[in-house]
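2 protein chains.
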Amino acid sequence: MAAAAPPPPPTPTPTPPTTLPETGPVGNPIFARIRIANPSDVRPLHKLMYQLAVFERLPHLFSATESSLSSNLFNTPPFQSFTVFLLEVSPTPFPDAPVGAHPPITHVINLDLPIADPESQEFGSGGDAVVAGFVLFFPNYSTFLGKPGFYIEDLYVRDCYRRKGFGKMLLSAVAAQAVKMGYGRVEWCVLDWNVNAIKFYEEMGAQVLQEWRICRLTGDALQAYGN
Amino acid sequence: MAAAAPPPPPTPTPTPPTTLPETGPVGNPIFARIRIANPSDVRPLHKLMYQLAVFERLPHLFSATESSLSSNLFNTPPFQSFTVFLLEVSPTPFPDAPVGAHPPITHVINLDLPIADPESQEFGSGGDAVVAGFVLFFPNYSTFLGKPGFYIEDLYVRDCYRRKGFGKMLLSAVAAQAVKMGYGRVEWCVLDWNVNAIKFYEEMGAQVLQEWRICRLTGDALQAYGN
Chain A
1009 MAAAAPPPPP
1019 TPTPTPPTTL
1029 PETGPVGNPI
1039 FARIRIANPS
1049 DVRPLHKLMY
1059 QLAVFERLPH
1069 LFSATESSLS
1079 SNLFNTPPFQ
1089 SFTVFLLEVS
1099 PTPFPDAPVG
1109 AHPPITHVIN
1119 LDLPIADPES
1129 QEFGSGGDAV
1139 VAGFVLFFPN
1149 YSTFLGKPGF
1159 YIEDLYVRDC
1169 YRRKGFGKML
1179 LSAVAAQAVK
1189 MGYGRVEWCV
1199 LDWNVNAIKF
1209 YEEMGAQVLQ
1219 EWRICRLTGD
1229 ALQAYGN
Chain B
1009 MAAAAPPPPP
1019 TPTPTPPTTL
1029 PETGPVGNPI
1039 FARIRIANPS
1049 DVRPLHKLMY
1059 QLAVFERLPH
1069 LFSATESSLS
1079 SNLFNTPPFQ
1089 SFTVFLLEVS
1099 PTPFPDAPVG
1109 AHPPITHVIN
1119 LDLPIADPES
1129 QEFGSGGDAV
1139 VAGFVLFFPN
1149 YSTFLGKPGF
1159 YIEDLYVRDC
1169 YRRKGFGKML
1179 LSAVAAQAVK
1189 MGYGRVEWCV
1199 LDWNVNAIKF
1209 YEEMGAQVLQ
1219 EWRICRLTGD
1229 ALQAYGN
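Chains A and B, in that order, give the protein sequences.
Quick note, the first sequence lines up with residues 1009 to 1235 if you use our numbering.
Quick note, the second sequence lines up with residues 1009 to 1235 if you use our numbering.
Below is the structure:
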């Protein structure tokens, strides 16, 4: 993917995640879990990436395979290089995670109506849970700050789960991890015509840099430098 | 630094590097060597980064120190994370490098006139050699391709060494390394008003992506996600 292209939430203020009230859930609770992806997640991850390519109207440029993702996405400890946070959702609570270095982040959202997921079989993730989205990011470096940051390559939430705050959860999870590691920036890219996404990002505190353009050397033009 | 901002070479076709003819150098030869930087290079590297900030008219945003660079730039083997190629030049040939995994790249350029370097003392690099520039890059990832690439954060050549093909040498060195590793892309950013740089990059085979904008979360807006 050229760069992160999250689906724009058209509502001005996405529903903020709320914690479960002590008296129990009200309305239609949906339980969300963000956890670090591992090699066993490659199948749904590849499907999500392809859906993003379709969303960007560029599926003809999509050549990633489950095998290529498996071979180069999970070769370093989390956050040191390419890292994927997977978003899973469920109508019932997730079991307590075993204590570990990177525990999952959980949220509960109370919706007015339950979500009908036409792809629940395809994205089934054990029990009632389904995979609903992901964010792929990796360290970058600012010589101005003299410190690393994170660059978000992709942020994607499946169609039926959009406009509910899940995109914000994924982006916030990366930002929180950056702060935790003492990093100086989180950066990503957006298409200039995607005004809803731009509005959403600005509401999250991001600046949109208008003067910079991405340059890309790829395909035969890149291969020519191999001699 | 926001992104790579190499000084634009205003000549349409930079002088290509030539190999030393067997009859010996003609004109005013300048020997160039590109090698992987190490912690002992932090002092000139920090000066070059500051010069780049001045070139971009943003020195007030420059807060990197030699110490911050030392602590986070050299913690992984070359190419796995942040990597710096240092450009050194000398009027006399460089000694043969010891055989190693990543031997330096050397070139000779024959100039019409010798270069007067007003900062030769400050950037002295042993013998007749001086540090003349650098490129800082690190792996990125394309989910379209399902493979890594390199992102160039900074590419800089000191003023008196510009327009001689050194920027092209540095960029080519990164591209060649990407091909060697089977990577799919090399990307960087350019300011949209820097038409000479854009022309130069296009001549090197790069596409300039017009629709994408960089989003940045930093400072207090980023810190707010730490809670």
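Backbone N, C-alpha and C define an ideal beta-carbon position, used for all residues, glycine too.
Could you work out which residues of chain B lie near Ala-1061 of chain A, taking near to mean beta carbons separated by less than 7 Å?
Phe-1152
Output yes or no for whether 8 Å exceeds the beta carbon distance between Arg-1221 of chain B and Val-1216 of chain A.
yes
Sheet register partners of His-1115 of chain A (DSSP bridge):
A:Ala-1040
Between Met-1057 of chain A and chain B, is there a C-beta pair that is closer than 8 Å?
yes
With a threshold of 8 Å between beta-carbons, can Cys-1223 of chain A be considered close to chain B, or not?
yes
Any beta carbon from chain B within less than 8 Å of Phe-1208 of chain A's own beta carbon?
no
Ile-1038 of chain B beta carbon less than 8 Å from that of Leu-1119 of chain B
yes
Does the CB of Pro-1047 of chain A have a neighbour CB from chain B at under 8 Å?
no
Write down the C-beta distance between Val-1165 of chain A and Phe-1174 of chain A rounded to the nearest angstrom, noting that I regard them as a contact closer than 8 Å.
5 Å
Hey, could you find the ends of the alpha helix (DSSP H) Gly-1175 of chain B is sitting in?
1174-1188
Run through the segment 1064-1116 of chain B for me and flag every whole alpha helix (DSSP H) of 4 or more residues, listed as ranges in chain order.
1074-1080
Using a beta-carbon distance cut-off of less than 7 Å, what residues from the segment 1119-1147 of chain A approach chain B?
Leu-1144, Phe-1146, Pro-1147
With a threshold of 8 Å between beta carbons, is Glu-1211 of chain B in contact with chain A?
no
Beta-carbon separation (whole angstroms), Phe-1087 of chain B vs Gln-1185 of chain B, contact threshold 8 Å
7 Å
Buried versus exposed, by CB contacts within 10 Å (16 or more), Met-1189 of chain A:
exposed
Quick one, are the C-beta atoms of Leu-1094 of chain B and Ala-1061 of chain B less than 8 Å apart?
no
Give me whichever residues DSSP pairs with Arg-1224 of chain B in a beta bridge.
A:Glu-1195, A:Gln-1215
Provide the residue span of the beta strand (DSSP E) that contains Asp-1125 of chain A, from first to last.
Per DSSP, Asp-1125 of chain A belongs to no beta strand (DSSP E) and is neither H nor E.
Tell me whether Leu-1178 of chain B is buried or exposed, calling it buried when 16 or more other Cβ atoms sit within 10 Å of its Cβ.
buried
List the residues of chain B that Asn-1204 of chain A touches, going by C-beta distances under 8 Å, in chain order.
Per Cβ cutoff of 8 Å: no residues; Asn-1204 of chain A is ~14 Å from chain B at best.
Can you find a CB in chain A that lies within less than 8 Å of the CB of Gly-1173 of chain B?
no
When you compare the segment 1069-1084 of chain B with the segment 1134-1154 of chain A, are there three or more beta-carbon pairs, one atom per stretch, that lie closer than 8 Å?
yes
Under 8 Å between C-beta atoms, does Arg-1193 of chain A make it to chain B?
yes
By the 9 Å beta-carbon criterion, what residues does the segment 1079-1113 of chain A contribute toward chain B?
Ser-1079, Asn-1080, Leu-1081, Thr-1084, Gln-1088, Ser-1089, Phe-1090
Whose Cβ in chain A lies nearer than 9 Å to the Cβ of Gly-1234 of chain B?
Ala-1183, Ala-1184, Ala-1186, Val-1187, Lys-1188
Quick one: is Ala-1072 of chain A near chain B, going by C-beta distance under 8 Å?
yes
Alpha-carbon spacing of Arg-1065 of chain B relative to His-1054 of chain A, whole angstroms:
43 Å
Contacts that Val-1050 of chain A makes with chain B (C-beta to C-beta distance below 9 Å)
Near Val-1050 of chain A there are no residues of chain B at all, since even the closest Cβ is about 10 Å away, more than 9 Å.
8 Å is my cut-off, CB to CB: does Arg-1166 of chain B come that close to chain A?
no
Could you confirm whether any beta carbon from chain A is found closer than 8 Å to the beta carbon of Tyr-1169 of chain B?
no
Any idea which residues DSSP pairs Leu-1163 of chain A with across the strands?
A:Val-1143
Does the beta carbon of Val-1216 of chain A come closer than 8 Å to any beta carbon on chain B?
yes
Quick one: is Ala-1040 of chain B near chain A, going by C-beta distance under 8 Å?
no
At 7 Å on the CB atoms, spell out the chain A contacts of Leu-1077 of chain B, in chain order.
Gly-1154
Within 10 angstroms of the Cβ of Ala-1214 of chain B, are there 16 or more other Cβ atoms? Answer buried if so, exposed if not.
buried
Note down, in chain order, each residue of its chain lying with its Cβ closer than 6 Å to the Cβ of Pro-1052 of chain A, except the 5 sequence neighbours on either side.
Phe-1131, Val-1139
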